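*Asks:* Going line by line, the protein sequences match chains A and B. So for the first sequence, my numbering puts the first residue at 1; every next one is plus one. So for the second sequence, my numbering puts the first residue at 1001; every next one is plus one. No residue lacks a Cβ here, since even glycine has one placed at the ideal position from N, Cα and C. Given the structure is predicted, the values throughout are model-derived calculations rather than measurements. This structure is in structure tokens; I'll ask about it shortly.
2 protein chains.
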Amino acid sequence: MRVTALAGGTGAAKFLRGLTSCMNPRDLTVIGNTGDDTEIWGLHVSPDLDTLTYALTGRLDVARGWGLADDTFRALAAMGVLGGETWFRLGDRDLATHIYRSRALRAGVSLTGVTNAIGQALGLRIRLLPMSDDGVKTRIQTPDGWMSFQNYFVREKARARTIGIEYAGAEKAVPAPGVLDAIRTTNAVIVCPSNPITSIGPILSVPGIRAALMETNAIVLAISPIVGSAAVSGPAGELMSACGLPVSPVGVARTYTPWLDLLVIDRRDIKQTHAVLELGAEPVVTDTVMTDHASETALARLVLETLA
Amino acid sequence: MRVTALAGGTGAAKFLRGLTSCMNPRDLTVIGNTGDDTEIWGLHVSPDLDTLTYALTGRLDVARGWGLADDTFRALAAMGVLGGETWFRLGDRDLATHIYRSRALRAGVSLTGVTNAIGQALGLRIRLLPMSDDGVKTRIQTPDGWMSFQNYFVREKARARTIGIEYAGAEKAVPAPGVLDAIRTTNAVIVCPSNPITSIGPILSVPGIRAALMETNAIVLAISPIVGSAAVSGPAGELMSACGLPVSPVGVARTYTPWLDLLVIDRRDIKQTHAVLELGAEPVVTDTVMTDHASETALARLVLETLA
């Protein structure tokens, strides 16, 4: 079975790590969010693509959920002495990735091309595609004005009240080569347990991707990143509220219908099965919180069995 | 007494470290060679400016003669995994300097401006000027063709036979702001014990700098980097030969006359005093090889006494 996944960072990385231990990685295409991409120190940083690449090659710092395991921060400290910004913590070995990517992009290589090159070099066995080679920037509106996602999430620690969200540049963006085909010609599409607004939302904002999800014959399954009335991690709850969505699996279902077939929700949300069903998605109830490799694999196995 | 020095990397750094312990650093302007500047990983690297800045702020790795003391090379190792070039060893903390410089240059800051900003941030007390804000590239002609200085010196370890040297771009380069004034309005100009061909040569190749040296009322003193018939360090001998110069203090004198007043030579070369004098420079004989802080300071003190 060929699978195409839409993915953000941490939550997606956990689920996909489980998935790749249950299926042939060669049959998996992952479309990664680049709405969080940012420029730090003049370098192009792709946080979600890197988290996925690092996680799926066994390099991720699992405790932090970002960056490389056992990395050091000596360049960061030196940059601080020079007066450069230090709120975005780039590790020394991680830095090589951003420098490599930035040089390739300046030389005219596409983000698709450089993502592939990095994946190849690091031994990534799945196919990882950025959602687009064009810049789409997730921006958060707060009472003090608009800010980039990384400014909101990392620098301001997601403390600012959110009153709006936009995906700047999306209207002119084109899906990266292979993205639409990966949705149209696969057996199943899995929307990973990622933030619906800032991880999956930017992917859906690229013209053509929603239509491909509507048209595909593949079964489309999402895993709710919301358990109870809160996100398992990150600011998804606050951002869903700002978009007028209930912070619940029902809110997730509302974001993904009408193209969603199945929604995996946690046992704790069993009372929401009826409401999910009314929105046109079939609920699948299981344990969704991934705390270790065993729970990642168990969730992935259940998903594959459901899709089979 | 105000002093202006023309400087390359390691040898100059040693001498200037001695000089700054014998005079007020505020009265010292150093014009640094940028003919060795290169792009590594898409970053602008200025080896001589950095060696001088690091040395004069107590940060230089003294044993190696380049880079920062106690630096690590984790980004370099990671870049190797990605397939990037690793022959030019950029340390993790050193990398911050190159990233900082590259971003500033791309943002339109001049090399003079960014060199000053780095010096300020690191506590550099002298005034350090690049010879030019324009690109001048020292290139070495070998039997296999032309190569950049860093390719010749670092990647090929100066093993290739040299048949020619050029300073590409020099004809269109302009001295950096302050350079000509620093030569014209100072009390003394010191040509540091640097490679005459690849450290001082590029500085002299910038239109206007030789003329300023000819016209200045300042006394002009050079310290020979050649002792006996060999360079104290580096490929100066090979390069002088390739330029048809004797590898000796006389060869150094020939490079710097007619604007040179005094040439400091080593006691071992005492027999060359007459030949130096015939070229129009007055020889000053002393111990010139700097092996520790005491010998750096002793040479600097003798130079200042000679100039006083």
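Give me the chain A residues within the contact set of threonine 1097 of chain B, using Cβ-Cβ distance strictly less than 8 Å, ordered along the chain.
*Replies:* Locating residue 1097 of chain B in the second sequence gives position 97, counting from the first residue. In chain order: Ala78 and Leu82.
*Asks:* Just to confirm before moving on: does the CB-CB distance between glycine 1067 of chain B and glycine 1091 of chain B stay below 8 Å?
*Replies:* As a working note, residue 1067 of chain B is residue 67 in the second sequence. As a working note, residue 1091 of chain B is residue 91 in the second sequence. Closer than 8 Å, so yes.
*Asks:* Kindly indicate which residue of B/Leu1082, B/Leu1122 and B/Leu1111 has the alpha-carbon position closest to the one of glycine 83 of chain A.
*Replies:* Counting from 1 along the first sequence, the entry for residue 83 of chain A is found at position 83. If we check each option's Cα against that of glycine 83 of chain A, B/Leu1122 comes out closest.
*Asks:* For alanine 314 of chain A and valine 3 of chain A, which I take to be in contact (beta-carbon distance under 8 Å), what is that distance rounded to the nearest angstrom?
*Replies:* In the structure as shown, chain A starts at 1 and stops at 308, and residue 314 of chain A therefore has no counterpart that could be examined.
*Asks:* Looking at the secondary structure, which residues open and close the alpha helix (DSSP H) in which proline 130 of chain A lies?
*Replies:* Working through the first sequence from its first residue, we reach residue 130 of chain A at position 130. From DSSP, proline 130 of chain A is part of no alpha helix (DSSP H) but of the beta strand (DSSP E) over 127–130.
*Asks:* Helix, strand or coil: which one does DSSP assign to arginine 106 of chain A?
*Replies:* As a working note, residue 106 of chain A is residue 106 in the first sequence. Three-state result, arginine 106 of chain A: helix.
*Asks:* Do you know how far the Cα of leucine 1204 of chain B is from the Cα of glutamate 1171 of chain B?
*Replies:* Within the second sequence, residue 1171 of chain B is the residue found at index 171, counting from 1. Within the second sequence, residue 1204 of chain B is the residue found at index 204, counting from 1. Distance between the alpha carbons of glutamate 1171 of chain B and leucine 1204 of chain B: 11 Å.
*Asks:* Would you be able to state if there are at least three C-beta pairs under 8 Å between the region 142–153 of chain A and the region 109–129 of chain A?
*Replies:* The region 109–129 of chain A is not in contact with the region 142–153 of chain A.
*Asks:* Which residues mark the beginning and the end of the alpha helix (DSSP H) in which valine 1285 of chain B is found?
*Replies:* For this step, residue 1285 of chain B is matched to residue 285 along the second sequence. Valine 1285 of chain B -> not in any alpha helix (DSSP H); beta strand (DSSP E) instead, spanning 1282–1286.
*Asks:* Report, in whole angstroms, the separation of the C-beta atoms of leucine 1049 of chain B and alanine 1013 of chain B, which I expect to be a contact under 8 Å.
*Replies:* The residue labelled residue 1049 of chain B in the question sits at position 49 within the second sequence. The residue labelled residue 1013 of chain B in the question sits at position 13 within the second sequence. Going by Cβ atoms, the distance from leucine 1049 of chain B to alanine 1013 of chain B rounds to 11 Å, so no, they are not a contact pair.
*Asks:* Do isoleucine 99 of chain A and leucine 43 of chain A come within 8 Å of each other at the CB atom, strictly closer than that value?
*Replies:* Position 43 of the first sequence, counted from the first residue, corresponds to residue 43 of chain A. Position 99 of the first sequence, counted from the first residue, corresponds to residue 99 of chain A. Their beta carbons are under 8 Å apart, which means leucine 43 of chain A touches isoleucine 99 of chain A by this criterion.
*Asks:* Using C-beta distances below 7 Å, list every residue in its chain close to valine 1247 of chain B, excluding the 5 sequence neighbours before and after it, in chain order.
*Replies:* For the purposes of this step, residue 1247 of chain B is identified with residue 247 of the second sequence, where counting begins at 1. Ile1226, Ser1229, Ala1230, Gly1237, Met1240 and Ser1241, listed in sequence order.
*Asks:* Pull up the DSSP beta-bridge partners for serine 148 of chain A, would you.
*Replies:* Start at 1 with the first residue of the first sequence, and residue 148 of chain A comes out as number 148. Paired residues: A/Arg139.
*Asks:* If I'm right that alanine 1300 of chain B touches glycine 1018 of chain B with Cβ under 8 Å, what's the distance once you round it to whole angstroms?
*Replies:* Position 300 of the second sequence holds residue 1300 of chain B. Position 18 of the second sequence holds residue 1018 of chain B. Between glycine 1018 of chain B and alanine 1300 of chain B the Cβ distance is about 3 Å, and since that is below 8 Å, they are a contact.
*Asks:* Going along the chain, which residues of its own chain have a beta-carbon closer than 8 Å to the beta-carbon of tryptophan 9 of chain A, five neighbours each way excluded?
*Replies:* Taking the first residue of the first sequence as position 1, residue 9 of chain A is located at position 9. First, the residue type needs correcting, since residue 9 of chain A is glycine and not tryptophan in the sequence shown. Only Asn33, Asp36, Pro47, Asp48, Thr51, Leu52, Gly65, Trp66, Ser194 and Ser199 meet the Cβ criterion.
*Asks:* Can you confirm whether the region 1160–1170 of chain B touches the region 1253–1264 of chain B when touching is taken to mean that 3 or more C-beta pairs between the two stretches lie within less than 8 Å?
*Replies:* No: fewer than three Cβ pairs fall under 8 Å.
*Asks:* Among residues of its own chain, excluding the 5 on either side of aspartate 1027 of chain B, which ones have a beta-carbon nearer than 7 Å to its beta-carbon?
*Replies:* One-based indexing of the second sequence puts residue 1027 of chain B at position 27. So the list reads Met1001, Arg1002 and Val1003, once near-sequence residues are dropped.
*Asks:* Apart from the five residues just before and just after proline 1177 of chain B, which ones in its own chain have a Cβ nearer than 7 Å to its Cβ?
*Replies:* Sequence index remark: in the second sequence, residue 1177 of chain B carries index 177 (1-based). Counting only Cβ-Cβ distances below 7 Å, and skipping sequence neighbours, we find Thr1112.
*Asks:* Let me make sure I understand the geometry here. Which of A/Leu245, A/Ile190, A/Arg155 and A/Gln272 has the alpha-carbon closest to that of valine 285 of chain A?
*Replies:* By one-based count along the first sequence, residue 285 of chain A stands at place 285. Closest option to valine 285 of chain A, Cα to Cα, is A/Gln272.
*Asks:* Please classify arginine 155 of chain A: is it buried, with 16 or more other beta-carbons within 10 angstroms of its beta-carbon, or exposed?
*Replies:* Indexing the first sequence from 1 puts residue 155 of chain A at position 155. With fewer than 16 other Cβ atoms within 10 Å, it is exposed.
*Asks:* Nearest-angstrom Cα distance between leucine 124 of chain A and valine 1174 of chain B?
*Replies:* If you number the first sequence from 1, residue 124 of chain A lands on position 124. If you number the second sequence from 1, residue 1174 of chain B lands on position 174. When rounded, the distance between both Cα atoms is 49 Å.
*Asks:* Indicate whether at least one CB of chain B lies closer than 8 Å to the CB of isoleucine 396 of chain A.
*Replies:* Residue 396 of chain A lies beyond the residue range present for chain A, which begins at 1 and ends at 308; the question has no answer from this structure.
*Asks:* Taking C-beta pairs closer than 9 Å, name the residues in chain A that threonine 956 of chain B reaches, listed in chain order.
*Replies:* Residue 956 of chain B lies beyond the residue range present for chain B, which begins at 1001 and ends at 1308; the question has no answer from this structure.
*Asks:* Once DSSP output is grouped into helix, strand and coil, what is the label at valine 1062 of chain B?
*Replies:* Reading the second sequence from its first residue, position 62 is the one you call residue 1062 of chain B. Of the three classes helix, strand and coil, the one that applies to valine 1062 of chain B here is coil, per DSSP.
*Asks:* Roughly how many angstroms separate the alpha carbons of glycine 244 of chain A and alanine 77 of chain A, rounded to a whole number?
*Replies:* Here the question's residue 244 of chain A lines up with position 244 in the first sequence. Here the question's residue 77 of chain A lines up with position 77 in the first sequence. Distance between the alpha carbons of glycine 244 of chain A and alanine 77 of chain A is about 41 Å.
*Asks:* Is there at least one Cβ from chain A nearer than 8 Å to tyrosine 1100 of chain B's Cβ?
*Replies:* As a working note, residue 1100 of chain B is residue 100 in the second sequence. Taking Cβ atoms only, chain A reaches closer than 8 Å to tyrosine 1100 of chain B, which makes this a yes.
*Asks:* Shorter than 8 Å from the beta carbon of alanine 1121 of chain B to some beta carbon of chain A?
*Replies:* If you number the second sequence from 1, residue 1121 of chain B lands on position 121. It does: the Cβ of alanine 1121 of chain B has a partner Cβ on chain A nearer than 8 Å.
*Asks:* Would you verify that the beta carbon of leucine 43 of chain A is, or is not, closer than 8 Å to some beta carbon of chain B?
*Replies:* Your numbering for residue 43 of chain A matches position 43 in the first sequence. Yes, because at least one Cβ of chain B sits closer than 8 Å to the Cβ of leucine 43 of chain A.
*Asks:* Assign alanine 1107 of chain B to one of two classes, buried (16 or more other C-beta atoms within 10 Å of its C-beta) or exposed (fewer than that).
*Replies:* Numbered from its first residue, the second sequence carries residue 1107 of chain B at position 107. Alanine 1107 of chain B should be labelled exposed.
*Asks:* Rounded to a whole number of angstroms, what is the C-alpha to C-alpha distance between valine 303 of chain A and asparagine 1116 of chain B?
*Replies:* Along the first sequence, one-based indexing puts residue 303 of chain A at 303. Along the second sequence, one-based indexing puts residue 1116 of chain B at 116. About 59 Å.
*Asks:* Any beta carbon from chain A within less than 8 Å of arginine 1155 of chain B's own beta carbon?
*Replies:* Residue mapping note: residue 1155 of chain B aligns to position 155 of the second sequence, counting from 1. Taking Cβ atoms only, chain A never reaches closer than 8 Å to arginine 1155 of chain B, which makes this a no.
*Asks:* Using a Cβ-Cβ distance under 8 Å, would arginine 1106 of chain B count as near chain A?
*Replies:* Taking the second sequence and counting its residues from 1, the one referred to as residue 1106 of chain B is at position 106. Closer than 8 Å to some Cβ of chain A, the Cβ of arginine 1106 of chain B qualifies, so yes.
*Asks:* What would DSSP say about proline 1175 of chain B, mapped onto helix, strand or coil?
*Replies:* Here the question's residue 1175 of chain B lines up with position 175 in the second sequence. If DSSP states are grouped into helix, strand and coil, proline 1175 of chain B belongs with the strands.
*Asks:* Just verifying my parser: in three-state terms, what is the DSSP assignment at glycine 11 of chain A?
*Replies:* Taking the first sequence and counting its residues from 1, one reaches residue 11 of chain A at position 11. Correct three-state label for glycine 11 of chain A: helix.
*Asks:* Between serine 224 of chain A and proline 249 of chain A, is the Cβ-Cβ spacing less than 8 Å?
*Replies:* To locate residue 224 of chain A, count along the first sequence from 1; it is residue 224. To locate residue 249 of chain A, count along the first sequence from 1; it is residue 249. Cβ atoms of serine 224 of chain A and proline 249 of chain A: closer than 8 Å.
*Asks:* Check whether the Cβ of isoleucine 1118 of chain B lies closer than 8 Å to any Cβ atom in chain A.
*Replies:* Indexing the second sequence from 1 puts residue 1118 of chain B at position 118. Answer yes: the Cβ-Cβ gap between isoleucine 1118 of chain B and chain A drops below 8 Å somewhere.
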